[in-house]
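Report on the structure given below.
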Amino acid sequence: MTVIFHKLLNPVPQYILGCLPAIAIVGATPRGKFAQKMAWVFRCLGCPFTGLFYACNVGSSKVEQCLYWLPAEFFRYRKPNAVNPLNEVRYRPVGFHTKVLEQPEQQRIYTEIKRCTARASVLERLSSLVSAYYILVGIIAGISKVTTLFDCEDWPFIPLLLAWTIPAICKRIIWGNLVVKNPIAEMENLRPIVLTEIDDESKNHKLFSVTFTALISIVSPWITVLLAYFTPPIGYFCRSKYVTVLCAIWSFNSALAYICHLKGERGVSNFCYGIFHVWFSICGIVVAILIFALGLLANNNEWWLHLFGPSCDISSVCPPT
Numbered sequence: 001m002t003v004i005f006h007k008l009l010n011p012v013p014q015y016i017l018g019c020l021p022a023i024a025i026v027g028a029t030p031r032g033k034f035a036q037k038m039a040w041v042f043r044c045l046g047c048p049f050t051g052l053f054y055a056c057n058v059g060s061s062k063v064e065q066c067l068y069w070l071p072a073e074f075f076r077y078r079k080p081n082a083v084n085p086l087n088e089v090r091y092r093p094v095g096f097h098t099k100v101l102e103q104p105e106q107q108r109i110y111t112e113i114k115r116c117t118a119r120a121s122v123l124e125r126l127s128s129l130v131s132a133y134y135i136l137v138g139i140i141a142g143i144s145k146v147t148t149l150f151d152c153e154d155w156p157f158i159p160l161l162l163a164w165t166i167p168a169i170c171k172r173i174i175w176g177n178l179v180v181k182n183p184i185a186e187m188e189n190l191r192p193i194v195l196t197e198i199d200d201e202s203k204n205h206k207l208f209s210v211t212f213t214a215l216i217s218i219v220s221p222w223i224t225v226l227l228a229y230f231t232p233p234i235g236y237f238c239r240s241k242y243v244t245v246l247c248a249i250w251s252f253n254s255a256l257a258y259i260c261h262l263k264g265e266r267g268v269s270n271f272c273y274g275i276f277h278v279w280f281s282i283c284g285i286v287v288a289i290l291i292f293a294l295g296l297l298a299n300n301n302e303w304w305l306h307l308f309g310p311s312c313d314i315s316s317v318c319p320p321t
């Protein structure tokens, strides 16, 4: 136990602490209950597409960020150049299914939007900068080690794995708009909120941007696997396998979430009766455990060997000092 507590004090867990604000930023939600907040954090950690979609495809305005959290039954839409009637909105009006507010509606819901939102404080933006620092330094360190002829020291897997959170961090730092109250509760009396269709060119752009976000969330984590595999010494095979498990979870869930979005979602978390929301959240718990364990394993070659066998033995190329 003494050895374990000693290892907990080394700099590697500090990387975990430094990256925690990034996870909190990606998983921010206006839900009121603590259990709901944690479930959303774990969902975003288990499915990068969820957090990246909100950061990259929802927009930075307070109106867009509030409407993201509303289910489809809060809306009705009017076809272009039509006076009546109002039509049912089958899916949440975000991403590929985006519709825009009529001008009178923006004025009608302005008070509620203002009540639901706030600006990020200086402390919140500074904590975002701390995460960005750890992640960017980790990326640079990982790339530099690939170009090194030989280096037996372990390198920062965790910041590299969380590099996909950078867009959400930048959005928090630059725009700083936060949804702090649940729009569902605040806008209940405003139903229905009237929308209009967007033109075909805008739809095509939305499809491209959402698809690009999905590709980033599916592909980008695997860069860490490649860096881990090709970073000398090649005896670090087991680390590549460990990171592969994390990336496989992220890629599968991001692809699944992208398909769900294309098919259309009635609410934020009730697609297929909420089964996928539960699945993504459970995967997020698994990912959190794996990342924490990875932090403990870093710089402890004997632990890798004891847990995962001879494939982690690098004593022949990295003799103990």
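Going by the UniProt record's numbering, the letters in the sequence shown line up with residues 1 to 321, in that order.
For each residue, glycine too, the CB sits at the ideal point set by N, CA and C.
All of these numbers come straight from a predicted model, not from anything done at the bench.
Pick helix, strand or coil for residue i, following the three-state DSSP scheme.
{"i": "Gly235", "result": "With a pLDDT of 46 at Gly235, under the threshold of 50, the modelled position of that residue is not reliable, and the figure given next carries that caveat. The answer is coil: DSSP assigns Gly235 none of H, G, I, E or B."}
{"i": "Thr196", "result": "strand"}
{"i": "Arg92", "result": "coil"}
{"i": "Thr98", "result": "coil"}
{"i": "Ala28", "result": "coil"}
{"i": "Asn87", "result": "strand"}
{"i": "Leu294", "result": "helix"}
{"i": "Leu70", "result": "coil"}
{"i": "Glu302", "result": "helix"}
{"i": "Ala120", "result": "coil"}
{"i": "Val180", "result": "coil"}
{"i": "Arg125", "result": "helix"}
{"i": "Arg191", "result": "coil"}
{"i": "residue 406", "result": "Beyond the ends of the chain as shown, which are 1 and 321, falls residue 406; an answer cannot be given."}
{"i": "Ser251", "result": "helix"}
{"i": "Pro221", "result": "coil"}
{"i": "Arg115", "result": "helix"}
{"i": "Glu265", "result": "coil"}
{"i": "Gly274", "result": "helix"}
{"i": "Lys33", "result": "coil"}
{"i": "Ser60", "result": "coil"}
{"i": "Cys47", "result": "coil"}
{"i": "Ile109", "result": "coil"}
{"i": "Gly18", "result": "helix"}
Do the CB positions of residue i and residue j come within less than 8 Å of each other?
{"i": "Gly46", "j": "Gly284", "result": "yes"}
{"i": "Glu132", "j": "Ile184", "result": "For the record, residue 132 in the displayed sequence is Ala; it is not Glu. Against a cut-off of 8 Å, the Cβ pair of Ile184 and Ala132 comes out as no contact."}
{"i": "Cys260", "j": "Cys312", "result": "no"}
{"i": "Pro30", "j": "Asn182", "result": "yes"}
{"i": "Ile218", "j": "Ser251", "result": "yes"}
{"i": "Met38", "j": "Glu112", "result": "no"}
{"i": "Gly176", "j": "Pro159", "result": "no"}
{"i": "Val41", "j": "Val94", "result": "no"}
{"i": "Tyr68", "j": "Tyr54", "result": "yes"}
{"i": "Lys114", "j": "Ile198", "result": "no"}
{"i": "Leu178", "j": "Ala141", "result": "no"}
Let me confirm a value: residue i is counted as buried when at least 16 other C-beta atoms fall within 10 Å, else exposed. Which label applies?
{"i": "Gly51", "result": "buried"}
{"i": "Gly274", "result": "exposed"}
{"i": "His277", "result": "buried"}
{"i": "His306", "result": "exposed"}
{"i": "Pro310", "result": "exposed"}
{"i": "Val287", "result": "buried"}
{"i": "Ser269", "result": "buried"}
{"i": "Leu123", "result": "exposed"}
{"i": "residue 334", "result": "The shown model of the chain, from 1 to 321, leaves out residue 334, and the question about it has no answer."}
{"i": "Ile291", "result": "buried"}
{"i": "Ala257", "result": "buried"}
Measure the beta-carbon distance from residue i to residue j and round it to whole angstroms, keeping in mind my assumption that it falls under 8 Å.
{"i": "Cys56", "j": "Ile135", "result": "Contact flag wrong, Cβ pair sits at about 17 Å."}
{"i": "Ser220", "j": "Ala163", "result": "7 Å"}
{"i": "Arg90", "j": "Gly264", "result": "6 Å"}
{"i": "Cys116", "j": "Val180", "result": "7 Å"}
{"i": "Pro21", "j": "Val130", "result": "6 Å"}
{"i": "Phe96", "j": "Leu215", "result": "Their Cβ separation, rounded to whole angstroms, is 14 Å, which puts Phe96 and Leu215 out of contact at 8 Å."}
{"i": "Leu161", "j": "Ile109", "result": "About 39 Å separates the two Cβ atoms, so there is no contact after all."}
{"i": "Tyr242", "j": "Leu294", "result": "7 Å"}
{"i": "Asn253", "j": "Phe280", "result": "6 Å"}
Evaluate contact between the segment 15 to 33 and the segment 169 to 185, counting only Cβ atoms and requiring at least three cross-stretch pairs below 8 Å.
-> yes
The segment 213 to 229 contacting the segment 237 to 251, beta-carbon criterion three pairs below 8 Å = With the cut-off at 8 Å, the segment 213 to 229 and the segment 237 to 251 touch.
Pair every Cβ in the segment 191 to 198 with every Cβ in the segment 96 to 113, then say whether three or more of these pairs are closer than 8 Å.
-> yes
Assess, as a yes-or-no matter, whether the segment 56 to 71 is touched by the segment 288 to 301 under the definition of 3 or more beta carbon pairs within less than 8 Å.
-> no
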